[in-house]
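For the sequence shown, the working numbering begins at 2 and goes up steadily by one. One structure is given below, encoded as structure tokens.
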Amino acid sequence: MSAHNPARVRRAQRQRRGGALTTEVTESAPSSERPPPLRRLVEGVRDGGTFVITVLAFVCAIVVGAVLIVIADEPTRTAASYFFAYPWDTFAAGWHAVSSGYIALFQGSVLDFGSFAGDSNVPILGPISDTLFNAAPLILGGLSVGVAFRAGLFNIGGQGQLIAGAICAGYVGFIWHLPPVLHLLVALVAGIIGGAVWGGLAGWLKAQTGAHEVISTIMLNYIALYLLYYLLSVPGFQAPASNQAISLPVDENARLPHLLGSGLSVNAGLIVALLAALGCWWLLTRSTLGFRLRAVGANQFAARTAGMSVPGSYITVMVIAGALSGLAGCAQILGGNNVALTGDVDANIGFDAITVALLGRASPGGTVLAGILFGALRAGAVRMQAETGTPTEIVQVVQSVIVLFIAAPALIRAIFRLRASRGGGVTQLAKGWNG
Numbered sequence: 002m003s004a005h006n007p008a009r010v011r012r013a014q015r016q017r018r019g020g021a022l023t024t025e026v027t028e029s030a031p032s033s034e035r036p037p038p039l040r041r042l043v044e045g046v047r048d049g050g051t052f053v054i055t056v057l058a059f060v061c062a063i064v065v066g067a068v069l070i071v072i073a074d075e076p077t078r079t080a081a082s083y084f085f086a087y088p089w090d091t092f093a094a095g096w097h098a099v100s101s102g103y104i105a106l107f108q109g110s111v112l113d114f115g116s117f118a119g120d121s122n123v124p125i126l127g128p129i130s131d132t133l134f135n136a137a138p139l140i141l142g143g144l145s146v147g148v149a150f151r152a153g154l155f156n157i158g159g160q161g162q163l164i165a166g167a168i169c170a171g172y173v174g175f176i177w178h179l180p181p182v183l184h185l186l187v188a189l190v191a192g193i194i195g196g197a198v199w200g201g202l203a204g205w206l207k208a209q210t211g212a213h214e215v216i217s218t219i220m221l222n223y224i225a226l227y228l229l230y231y232l233l234s235v236p237g238f239q240a241p242a243s244n245q246a247i248s249l250p251v252d253e254n255a256r257l258p259h260l261l262g263s264g265l266s267v268n269a270g271l272i273v274a275l276l277a278a279l280g281c282w283w284l285l286t287r288s289t290l291g292f293r294l295r296a297v298g299a300n301q302f303a304a305r306t307a308g309m310s311v312p313g314s315y316i317t318v319m320v321i322a323g324a325l326s327g328l329a330g331c332a333q334i335l336g337g338n339n340v341a342l343t344g345d346v347d348a349n350i351g352f353d354a355i356t357v358a359l360l361g362r363a364s365p366g367g368t369v370l371a372g373i374l375f376g377a378l379r380a381g382a383v384r385m386q387a388e389t390g391t392p393t394e395i396v397q398v399v400q401s402v403i404v405l406f407i408a409a410p411a412l413i414r415a416i417f418r419l420r421a422s423r424g425g426g427v428t429q430l431a432k433g434w435n436g
């Protein structure tokens with residue numbers, strides 16, 4: 002019984018009056034008493050809503066990461082070799098490894114304590130700046146996957162679309178020489194077009210031939226990657242007098258400006274990502290096109306019966322998704338640490354974006370928060386490895402475990418003995434192979 006909307010208690014009494022069977026129904030007035038706040042909080046946690054599941058998934062991932070840090074720590078393994086003689090040494094070494102690792106992760110992504118005491122050369126805003134810098138392309142890539150989810154498609158081709166956008170934006174950036182603002186805008190438009198064409202190709206294959214988008218986008222990922230490798234060996238695209246697979250550097254006028262000065266990494270790519278998230282929210286919740294895309298994603302047969310073009314919706318949503326991934330490529334090449342095209346320009350963002358979209362429940366607001374979280378993990382992993390020697394792969398395991406528990410909330414409910422969901426299951430984000 003809900004505390005906020007108390008149900009009327011009905012009591013039916015059956016009485017035989019004058020040979021006829023009558024029923025009297027009496028209703029009790031709703032109780033004005035509400036449970037105390039602490040009890041409501043406990044009840045909310047036990048109900049296991051989406052927010053609770055997400056928080057507990059993060060807690061479980063931190064615990065799994067702690068176990069892996071202990072296993073990977075050499076002093077802890079050494080202390081474990083004489084555990085039965087001095088068991089406290091093992092626990093102390095393990096605690097030191099875990100605490101120092103996670104403290105370094107926090108200081109590398111949120112706040113460096115040494116900045117206040119003057120013991121560190123890192124600016125006070127340096128860690129959070131690195132987090133937001135890493136978050137921008139992840140947000141854009143997550144929006145790409147999330148928009149496709151809403152239309153019932155699984156866009157696993159973020160890598161290829163990002164590379165296509167980076168190729169177009171980078172080429173315009175180092176071949177053309179335009180005035181500052183104009184050059185940046187033209188490069189951004191080129192990146193959007195490149196990603197949109199690459200995503201639209203997968204949508205066209207889905208609409209015209211029925212080719213499943215997972216297969217086609219994976220193949221397009223490989224095509225884009227090897228196309229990039231080829232271009233980096235072509236004279237005029239490859240940097241002159243260089244035997245490495247690297248392009249010419251992007252012109253200064255085409256680079257995304259820094260938001261907090263050149264000493265901090267965060268740039269205008271974050272503004273682009275937030276504006277894109279706002280645009281996706283409006284598209285999905287306030288526009289006719291967004292309604293049509295969501296209708297196709299919910300039930301393509303009902304949408305077709307209502308007169309909506311399902312093939313056209315597939316092409317449209319993949320063009321939009323590709324454009325968003327193309328913007329992520331722009332953030333990489335026009336504002337990244339390396340302002341030149343290389344073979345690893347995607348930095349695995351295309352696949353991390355899938356986990357960002359899943360963690361954000363394919364909503365623009367959730368994707369922004371998930372992108373910032375994963376950006377923090379990326380930024381902090383570098384500091385953690387440098388200071389404690391903890392492999393950065395452990396952070397990737399933490400990310401994967403978070404998504405694993407988010408995708409399978411029944412595991413969280415079983416571990417923490419939460420109540421079964423009243424919503425009838427997890428919201429379906431994309432269709433199956435026969436969708």
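A virtual CB, placed ideally from N, CA and C, is assigned to each residue, including glycine.
Taking DSSP as the reference, what is the three-state secondary structure of His91? Numbered from its first residue, the sequence shown carries residue 91 at position 90. The residue asked about is misnamed: residue 91 is Thr in this sequence, not His. Assigned with DSSP and collapsed to three states, Thr91 falls in helix.
Where Pro236 sits in the DSSP three-state scheme: As a first step, residue 236 must be located in the sequence shown, where it is residue number 235. Looking at Pro236 - three-state DSSP - the assignment turns out to be strand.
For a test of the three-state rule: what should DSSP assign to Thr343, helix, strand or coil? As a position in the sequence shown, residue 343 is number 342, starting the count at 1. In the structure shown, Thr343 sits in a strand (DSSP, three-state: E or B).
Cβ neighbours of Ala277 in the same chain (closer than 7 Å, five flanking residues each side left out): Position 276 of the sequence shown, counting from 1, holds the residue named residue 277. Taken in chain order, the residues that qualify are Leu141, Leu144, Leu325 and Leu328.
Assign Asp347 to one of two classes, buried (16 or more other C-beta atoms within 10 Å of its C-beta) or exposed (fewer than that). Looking up residue 347 in the sequence shown gives position 346. Flag for Asp347 reads buried.
Proximity below 7 Å, CB of Ser248 to CB of Leu342: The residue you call residue 248 lines up with position 247 of the sequence shown. The residue you call residue 342 lines up with position 341 of the sequence shown. The answer is yes: Cβ separation under 7 Å.
Simplified DSSP state of Ile125, which is helix, strand or coil: Counted from its first residue, the sequence shown places residue 125 at position 124. Three-state result, Ile125: coil.
Quick check on the DSSP output: what are the complete alpha helix (DSSP H) runs of length 4 or more inside the region 358-400, in order along the chain? 365-389
So what's Asn268 in DSSP terms, helix, strand or just coil? One-based indexing of the sequence shown puts residue 268 at position 267. Asn268: strand per DSSP, three-state reduction.
Starting from Tyr315, follow the alpha helix (DSSP H) in both directions and report where the run begins and ends. Counting from 1 along the sequence shown, the entry for residue 315 is found at position 314. Segment Val311 to Gly336, the alpha helix (DSSP H) holding Tyr315.
Check each candidate in Gly174, Leu221 and Ile407 and name the one with the smallest Cα separation from Ala197. In the sequence shown, residue 197 corresponds to position 196, counting from 1. With distances taken between Cα atoms, Ala197 lies closest to Leu221.
Look at the Cβ atom of Leu185, then the Cβ atom of Ala255, and state whether they are nearer than 7 Å. Looking up residue 185 in the sequence shown gives position 184. Looking up residue 255 in the sequence shown gives position 254. Result yes, Cβ atoms of Leu185 and Ala255 sit closer than 7 Å.
Nearest candidate by alpha-carbon position, reference Pro250, set Ser288, Gly381, Ile334 and Val190: Here residue 250 is taken as the residue at index 249 of the sequence shown, counted from 1. Nearest C-alpha to Pro250: Ile334.
Taking Thr218 as the reference, give the member of Thr55, Gly159 and Gly192 with the closest Cα. Taking the first residue of the sequence shown as 1, we reach residue 218 at position 217. Considering only alpha carbons, the answer is Gly159.
Given this structure, state the Cα-to-Cα distance separating Ala408 from Gly308, to the nearest angstrom. Along the sequence shown, read from residue 1 onward, the residue named residue 408 stands at position 407. Along the sequence shown, read from residue 1 onward, the residue named residue 308 stands at position 307. Approximately 33 Å, taken between the alpha carbons.
For His213, the three-state DSSP class (helix, strand or coil): Taking the sequence shown and counting its residues from 1, one reaches residue 213 at position 212. The answer is coil: DSSP assigns His213 none of H, G, I, E or B.
State the CB to CB distance for the pair Ala387 and Pro138, rounded to an integer number of angstroms; the pair is presumed to be in contact (CB under 8 Å). Along the sequence shown, one-based indexing puts residue 387 at 386. Along the sequence shown, one-based indexing puts residue 138 at 137. Their Cβ separation, rounded to whole angstroms, is 22 Å, which puts Ala387 and Pro138 out of contact at 8 Å.
How is Ser248 classed by DSSP in three states: helix, strand or coil? The residue you call residue 248 lines up with position 247 of the sequence shown. In the structure shown, Ser248 sits in a strand (DSSP, three-state: E or B).
On the criterion of 16 or more Cβ atoms from any shown chain inside 10 Å, does Pro241 qualify as buried, or is it exposed? Indexing the sequence shown from 1 puts residue 241 at position 240. By the neighbour-count rule (16 or more Cβ atoms within 10 Å), Pro241 is not buried but exposed.
Given Phe150 as reference, the closest of Ala296, Gly390 and Phe406 once Cα atoms are compared: Looking up residue 150 in the sequence shown gives position 149. Ala296 is the residue among Ala296, Gly390 and Phe406 whose C-alpha sits nearest the C-alpha of Phe150.
Have a look at the DSSP bridge pairing and note the partners of His184. As a working note, residue 184 is residue 183 in the sequence shown. Partner(s): none; His184 has no beta bridge.
In the structure shown, what three-state DSSP assignment does His178 receive? What you label residue 178 is simply residue 177 of the sequence shown in a count that begins at 1. Coil, per DSSP.
Between which residues of its own chain and Ile54 is the CB-CB distance below 6 Å, once the five residues before and five after are set aside? For this step, residue 54 is matched to residue 53 along the sequence shown. Excluding residues within five positions, the ones whose Cβ falls inside 6 Å are Pro410 and Ile413.
In the DSSP assignment, the alpha helix (DSSP H) including Ala415 goes from what residue to what residue? The sequence position of residue 415 within the sequence shown is 414, counting from 1. Where Ala415 is concerned, the enclosing alpha helix (DSSP H) stretches over Pro410 to Phe417.
For the ligand HEM, is there a heavy atom less than 6 Å away from the beta-carbon of Ala324? The ligand HEM is not among the ligands present in this structure, which contains no ligands whatsoever.
Across the region 362-380 and the region 277-289, are there enough close Cβ pairs to call them in contact, namely three or more that are closer than 8 Å? In the pairwise beta carbon analysis, the region 362-380 is classified as touching the region 277-289: at least three pairs are separated by under 8 Å.
Locate the alpha helix (DSSP H) running through Val60, then write down its first and last residues. As a first step, residue 60 is located in the sequence shown; it is residue number 59 there, counting from the start. Looking at the DSSP string, the run of the alpha helix (DSSP H) that includes Val60 is Thr51 to Ala73.
Cβ contact (3+ pairs, closer than 8 Å) linking the region 314-321 and the region 203-214: yes
Check the C-beta distance from Ala93 over to Ile403 and give it rounded, since I have them as a contact under 8 Å. Within the sequence shown, numbered from 1, the residue matching residue 93 stands at position 92. Within the sequence shown, numbered from 1, the residue matching residue 403 stands at position 402. Ala93 to Ile403, Cβ: 29 Å. No contact.
DSSP three-state call for Arg420: helix, strand or coil? Taking the sequence shown and counting its residues from 1, the one referred to as residue 420 is at position 419. Residue state, collapsed to three classes: coil.
How big is the Cα-Cα spacing for Asn192 and Arg287? Residue 192 sits at position 191 when you count from the first residue of the sequence shown. Residue 287 sits at position 286 when you count from the first residue of the sequence shown. This sequence places Gly at residue 192; Asn is not what is there. Between Gly192 and Arg287, the C-alpha separation is close to 26 Å.
Are Phe375 and Ser266 close, meaning C-beta to C-beta below 7 Å? Within the sequence shown, numbered from 1, the residue matching residue 375 stands at position 374. Within the sequence shown, numbered from 1, the residue matching residue 266 stands at position 265. With contacts defined as CB atoms closer than 7 Å, Phe375 and Ser266 fail to qualify as a contacting pair.
Are Gly147 and Thr356 closer than 7 Å when you measure CB to CB? Within the sequence shown, numbered from 1, the residue matching residue 147 stands at position 146. Within the sequence shown, numbered from 1, the residue matching residue 356 stands at position 355. Cβ atoms of Gly147 and Thr356: not closer than 7 Å.
Using the Cβ count rule (16 or more neighbours within 10 Å means buried), how would you classify Leu183? Position 182 of the sequence shown, counted from the start, is the residue given in the question as residue 183. Note on Leu183: under 16 other CB atoms within 10 angstroms of its CB, so exposed under the neighbour-count rule.
DSSP beta-bridge partners for His259? Numbered from 1 along the sequence shown, position 258 holds the residue referred to as residue 259. Looking at the DSSP assignment, His259 forms a beta bridge with Asn268.
Would Thr77 pass as a contact of Val71 if the rule is Cβ separation under 7 Å? For the purposes of this step, residue 77 is taken as residue 76 along the sequence shown, with counting starting at 1. For the purposes of this step, residue 71 is taken as residue 70 along the sequence shown, with counting starting at 1. Contact: yes.
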